[in-house]
Amino acid sequence: IVSRHIFVIVTVSRLLITAGLIASINYSAKLTVLLLFVFISADILDGIWARKHNADSRIRRVADATTDGISIVAIGLYFVLNNPQFIFLHIPLLIRDLVVYSLCCYLFITKKTLLIGGYWHKYASLSKAVFFISMLSGNFAVASFVAFITWIINYALLIDYLRGFFSTPNQRLKYSSVKLLQARITK
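Written out as structure tokens, the structure is:
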């Protein structure tokens with residue numbers, strides 16, 4: 004039996020990939036794209052691997068959401084700070100992330116509940132990675148087009164989060180892929 008703690012460590016280790024990604028942005032576009040691919044693959048595979056070994060836990064899910072949030076915001080801010088021409092393309096994504104992370108924090112702090120997006124919510128992260136790659140190209144027209152598609156995907160998923168947050172359990176099953184899980188935190 005694989006320890007559940009291994010999967011928490013694997014999840015949090017993605018922060019090291021984020022640090023490498025940020026360090027590579029100004030030096031090598033190819034390395035940055037490779038590290039984005041590694042980050043996304045690790046993000047998807049660690050959850051699948053944990054569930055396959057029956058080692059998924061609420062702690063791993065909190066670590067996963069926290070790692071995703073920190074990484075995506077850090078990478079996005081670094082891209083924008085080094086490429087100010089893209090700031091207006093990135094602000095709507097930062098606003099969306101701020102709303103989602105605020106909802107998650109509110110539920111966790113006040114109700115000890117985790118707000119878990121459906122499996123297809125991974126497309127939000129994937130679309131942001133494609134957006135980051137388009138910013139690496141330096142082509143504002145391409146980045147603008149990709150940003151528009153990324154906004155659509157991310158705001159559609161934001162609506163799904165909001166439906167999950169504001170609906171009753173029966174409505175949530177019908178209209179949202181979002182799950183609410185009790186965190187079972189002891190003092």
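Residue numbers for the sequence shown, in the numbering used here: 4 to 190. We treat Cβ as the ideally placed atom computed from N, Cα and C, and that holds for glycine.
Please state whether DSSP places residue i in a helix, a strand or coil.
i	result
Thr171	coil
Ile28	coil
Lys182	strand
Gly141	coil
His56	coil
If we count the other Cβ atoms within 10 Å of its Cβ and call it buried at 16 or more, is residue i buried or exposed?
i	result
Leu164	Checking the sequence shown, residue 164 turns out to be Tyr, not Leu. Answer is buried; the Cβ neighbour count reaches 16.
Ile119	buried
Pro172	exposed
Arg63	buried
Thr21	buried
Val103	buried
Phe42	buried
Arg17	buried
Give the C-beta separation of residue i and residue j to the nearest angstrom, bearing in mind that I take them to be a contact with Cβ-Cβ under 8 Å.
i	j	result
Phe91	Ile28	19 Å between Cβ atoms; not a contact.
Ile136	Val36	6 Å
Ser128	Ile75	7 Å
Residues bridged to residue i by DSSP?
i	result
Leu117	Leu184
By Cβ distance below 8 Å, which residues in the same chain neighbour residue i in space, the five residues on each side in sequence not counted?
i	result
Phe168	Leu106, Leu110, Leu118, Val181
Between residue i and the rest of its own chain, which residues show a CB-CB distance below 7 Å, the 5 nearest in sequence each way excluded?
i	result
Val149	Val133, Phe134, Ser137
Leaving out the 5 sequence neighbours to the left and right, which residues in its chain are closer than 6 Å to residue i when beta-carbon positions are compared?
i	result
Leu34	Ser27
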